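Visitor: Numbering-wise (our numbering), the sequence shown opens with residue 17 and increments by one.
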Amino acid sequence: MARADKYTIRDLKRDFGTEARCLEFIFDTLHSRKCSCGGAYVLIKGRRQFQCSKCRFQIAPTAGTIFHKSPTPLNLWFYTIFIFSNAKSGVSAKEVERQLGTTYKTAWRMLYLIRKSLAKKSEDYLTGDVEMDETYMGGRKRAGTYNINRKQAMENKSVVIGAVERGGELRAEVSKNDRAKTIGSFLDRNVNPITSRRLITDESNRYDKVAVGYNRHTVQHNLKEFVKGDVHVNTLESFWSHVKRSTKGTHKVISKKYLQTYLDGFVFHYNNRHNDRERFSHLVGALLPVSK
Ligand SMILES: [Zn+2]
17 MARADKYTIR DLKRDFGTEA RCLEFIFDTL HSRKCSCGGA YVLIKGRRQF QCSKCRFQIA
77 PTAGTIFHKS PTPLNLWFYT IFIFSNAKSG VSAKEVERQL GTTYKTAWRM LYLIRKSLAK
137 KSEDYLTGDV EMDETYMGGR KRAGTYNINR KQAMENKSVV IGAVERGGEL RAEVSKNDRA
197 KTIGSFLDRN VNPITSRRLI TDESNRYDKV AVGYNRHTVQ HNLKEFVKGD VHVNTLESFW
257 SHVKRSTKGT HKVISKKYLQ TYLDGFVFHY NNRHNDRERF SHLVGALLPV SK
């Protein structure tokens, strides 16, 4: 028997197996079948249009969505969304190209638009115990402590600042630098000083001025102290290493320009880690924002 928290290829075929099923789903998510004139909207055969049975008014359900004007069949779009939703280590355009038989360009564009839709930042603040940390990503060269070209290697890397509520959500952002002011701005926008119980960081003095008002606890990384009771930033560090490992395995190299959208994909997976079915449905929800 199928488990309720799973969403399998069988579910996908049933729900989004044909162009018409996809169109009906998109229409029903964004509009009502009942027209104000008393008529009902019906899909026009062979077109991405619905028409009212009485007043003949037409609605194109894909207008304003990422599917708009895309010549790719919608069932292939939903198959791509399904692959993306299930790929916890990310999915490359090459992989989608192979599985769907589309061109590389089409596959790349679909994945790009899916990731881009995940950028909408949550308005909620992180609360409880919050870990915060920065890391460096990208660039072809390894930094390495003893590398004589370390400076050059570091210049090609991007700073990523992140925070995670233990047992809750994670946020991560590509930043222009790792200065105190930048860290402070991220902190202000993401962590509530009143409802957070502890703010756990490393010993970096960049937090000294900006984390005023937060109940800050630090772990001394430079003394090789990584865990002091439950004062650690391991939740965030294991996320960083997951992203780095996955990036290396799946995407090879990510340019600075697209790093944030890839990161949004990984954050989405982290924040929806418990339930495959919900993750798929949240992803589809993010792609079809209801504005009415
Ligand atoms: Zn009507």
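Each residue gets a CB set at the ideal place from its N, CA and C atoms; glycine is no exception. Quick caveat, the model's predicted, so the values are computed rather than measured.
(1) Provide the residue span of the alpha helix (DSSP H) that contains T277, from first to last.
(2) When you compare the CB positions of G144 and K173, do they come within less than 9 Å of one another, or not?
(3) Can you tell me the Cβ-Cβ gap for D292 and N102, rounded? I've got them flagged as a contact below 8 Å.
(4) So, is I42 buried or exposed, given that buried needs 16 or more other C-beta atoms within 10 angstroms?
(5) Give the straight-line distance between the Cα atoms of K308 and G184, rounded to the nearest whole angstrom.
(6) Given 8 Å as the limit, tell me if F73 has its C-beta closer than that to any heavy atom belonging to ligand 1.
(7) In angstroms with no decimal places, state the Cα-to-Cα distance between D246 and Q115.
(8) Measuring CB to CB, does L134 end up less than 9 Å from T277?
(9) Give a yes or no on whether the C-beta atoms belonging to I177 and G281 are separated by under 9 Å.
(10) Applying the 10 Å Cβ sphere with the 16-neighbour rule, what's the burial state of H285?
(11) Hey, C38 and F94 are a contact pair by Cβ (cut 8 Å); roughly how many whole angstroms apart?
(12) Grouping DSSP H, G and I as helix and E and B as strand, with all else coil, what is N208?
(13) What would DSSP say about H233, mapped onto helix, strand or coil?
(14) Taking the alpha carbon of L142 as the reference point, which residue from R187, F255, T263 has its own alpha carbon closest?
(15) Identify the continuous alpha helix (DSSP H) that holds I99 and give its terminal residues.
(16) If the criterion is Cβ atoms closer than 9 Å, does the pair Y274 and Y152 meet it?
(17) Between which two residues does the beta strand (DSSP E) harbouring F66 extend?
(18) Buried or exposed: which applies to E189, given that a residue is buried once 16 or more other Cβ atoms fall within 10 Å of its Cβ?
(19) If I'm right that S201 touches V175 with Cβ under 8 Å, what's the distance once you round it to whole angstroms?
(20) Take the Cβ of V180 as the centre, count every other Cβ of all protein chains shown within 10 Å, and call the residue buried at 16 or more, exposed below.
(21) Among the residues of its own chain, which have a CB less than 6 Å from the CB of K85, if the five just before and after it don't count?
(22) Using only the heavy atoms of ligand 1, determine whether one of them is closer than 8 Å to the beta carbon of S48.
(23) Does DSSP put K50 in a helix, a strand or coil?
(24) Does the distance from the CB of A196 to the CB of V235 come in under 9 Å?
Guide: Quick look at the numbers:
(1) For the purposes of this step, residue 277 is taken as the residue at position 261 of the sequence shown. It spans 272 to 287 - the alpha helix (DSSP H) in which T277 sits, taken as one unbroken run.
(2) Residue numbering aside, residue 144 sits at position 128 when the sequence shown is read from its first letter. Residue numbering aside, residue 173 sits at position 157 when the sequence shown is read from its first letter. Their beta carbons are not under 9 Å apart, which means G144 does not touch K173 by this criterion.
(3) If you number the sequence shown from 1, residue 292 lands on position 276. If you number the sequence shown from 1, residue 102 lands on position 86. About 7 Å; that satisfies the 8 Å criterion.
(4) On the sequence shown, position 26 is the one that residue 42 refers to. Classification of I42: buried, given that the 10 Å Cβ count is 16 or more.
(5) Working through the sequence shown from its first residue, we reach residue 308 at position 292. Working through the sequence shown from its first residue, we reach residue 184 at position 168. Any reading at K308 needs caution, since the residue's pLDDT is 44, under 50, leaving its predicted position unreliable; the model's value is listed next. Cα to Cα, K308 sits roughly 29 Å from G184.
(6) As a working mapping, residue 73 is identified with position 57 in the sequence shown. Checking the Cβ of F73 against ligand 1 gives yes.
(7) Position 230 of the sequence shown, counted from the start, is the residue given in the question as residue 246. Position 99 of the sequence shown, counted from the start, is the residue given in the question as residue 115. Cα-Cα distance, rounded: 44 Å.
(8) Numbered from 1 along the sequence shown, position 118 holds the residue referred to as residue 134. Numbered from 1 along the sequence shown, position 261 holds the residue referred to as residue 277. In this structure, T277 lies closer than 9 Å to L134 by Cβ.
(9) Counting from one through the sequence shown, the residue named residue 177 turns up at place 161. Counting from one through the sequence shown, the residue named residue 281 turns up at place 265. Going by C-beta atoms, I177 is not nearer than 9 Å to G281.
(10) Start at 1 with the first residue of the sequence shown, and residue 285 comes out as number 269. So H285 counts as buried.
(11) Taking the sequence shown and counting its residues from 1, the one referred to as residue 38 is at position 22. Taking the sequence shown and counting its residues from 1, the one referred to as residue 94 is at position 78. Right, their Cβ atoms sit about 6 Å apart.
(12) In the sequence shown, residue 208 corresponds to position 192, counting from 1. Strand, per DSSP.
(13) Along the sequence shown, one-based indexing puts residue 233 at 217. Correct three-state label for H233: strand.
(14) Taking the first residue of the sequence shown as 1, we reach residue 142 at position 126. Nearest of R187, F255, T263 to L142, Cα basis: R187.
(15) Counting from one through the sequence shown, the residue named residue 99 turns up at place 83. Per DSSP, I99 belongs to the alpha helix (DSSP H) from 90 to 102.
(16) The residue labelled residue 274 in the question sits at position 258 within the sequence shown. The residue labelled residue 152 in the question sits at position 136 within the sequence shown. Not closer than 9 Å, so no.
(17) Residue mapping note: residue 66 aligns to position 50 of the sequence shown, counting from 1. Taken as a continuous stretch (DSSP letters only), the beta strand (DSSP E) holding F66 covers 66 to 68.
(18) Reading the sequence shown from its first residue, position 173 is the one you call residue 189. Classification for E189: buried.
(19) The residue you call residue 201 lines up with position 185 of the sequence shown. The residue you call residue 175 lines up with position 159 of the sequence shown. Not quite, the Cβ-Cβ distance comes to about 13 Å (not below 8 Å), so this is no contact.
(20) By 1-based counting over the sequence shown, the position of residue 180 is 164. The residue in question, V180, is buried, as its Cβ has 16 or more Cβ neighbours within 10 Å.
(21) Residue mapping note: residue 85 aligns to position 69 of the sequence shown, counting from 1. No residues qualify anywhere along the chain.
(22) As a first step, residue 48 is located in the sequence shown; it is residue number 32 there, counting from the start. It does not: the Cβ of S48 is nowhere closer than 8 Å to a heavy atom of ligand 1.
(23) Position 34 of the sequence shown, counted from the first residue, corresponds to residue 50. Note: K50 maps to strand in three-state DSSP.
(24) As a first step, residue 196 is located in the sequence shown; it is residue number 180 there, counting from the start. As a first step, residue 235 is located in the sequence shown; it is residue number 219 there, counting from the start. Not in contact: A196 and V235 (Cβ atoms no closer than 9 Å).
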